[in-house]
Amino acid sequence: LVELMSGIMGVTSTPGKGSIFWFNVTLERAETLCEEVRQLPSAMCPMLVISQNNSTRNMLTGYLQAWGADVSAAADEREAQIYLNCETVVTAIISLSLSEYDLATLKPILDFITASVTKVRF
17 LVELMSGIMG VTSTPGKGSI FWFNVTLERA ETLCEEVRQL PSAMCPMLVI SQNNSTRNML
77 TGYLQAWGAD VSAAADEREA QIYLNCETVV TAIISLSLSE YDLATLKPIL DFITASVTKV
137 RF
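Remember, our numbering sits 16 above the position in the sequence shown when you count from 1.
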């Protein structure tokens with residue numbers, strides 16, 4: 017792709033230390049700004065983001081809010097259960113590190129969320 021854009025790319029590698037990949041391309045400035053605003057369908061809201069990783073949780077929540085979503089966040093299954101006991105949620109986004117969980121641990125969490133959320137898509 018870089019070559020198709022008349023650019024150059026390269027790599028610097030040091031065994032045992034890692035690699036640096038780089039590219040340079042000349043891009044043209046857009047003549048007009050994009051006026052399209054991304055909006056999530058209201059049928060997907062309200063939403064609940066569940067992630068133990070603070071950065072992931074904040075990033076997902078921020079993007080969804082920027083796209084017009086009514087979104088809340090929970091750090092773990094306990095926070096999610098507290099929220100779901102008080103609020104109706106249409107969409108749940110679950111970000112889990114699978115290396116930290118096994119199916120026996122996930123099953124009660126997913127069962128609770130499945131019973132609490134209107135539509136479930138895996």
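Cβ coordinates follow ideal geometry from the N, Cα and C atoms, glycine included.
Everything numeric in this text was worked out from a predicted model, so none of it was measured.
Query: Residues bridged to Ile66 [DSSP beta-bridge criterion]; Result: Ala90, Ile110
Query: Helix, strand or coil at Thr28 according to DSSP, with G and I counted as helix; Result: strand
Query: Top-ranked residue by Cα proximity to Trp83, from Thr107, Ile109, Arg94, Leu56; Result: Leu56
Query: Cβ separation of Val27 and Ser35, assumed to be a contact under 8 Å, to the nearest whole Å; Result: 6 Å
Query: Sub-8 Å separation of Ser111 and Leu80 beta-carbons; Result: no
Query: Coarse secondary structure for Gly34, derived from DSSP in three states; Result: strand
Query: Cβ-Cβ distance between Val87 and Val65 below 8 Å; Result: yes
Query: Cβ-Cβ separation, Cys61 to Ala85 (assumed contact under 8 Å), whole Å; Result: 5 Å
Query: With 16 other Cβ atoms within 10 Å as the buried cut-off, status of Ser67; Result: buried
Query: Counted within 10 angstroms of its Cβ, other Cβ atoms place Ala59 as buried (16 or more) or exposed; Result: exposed
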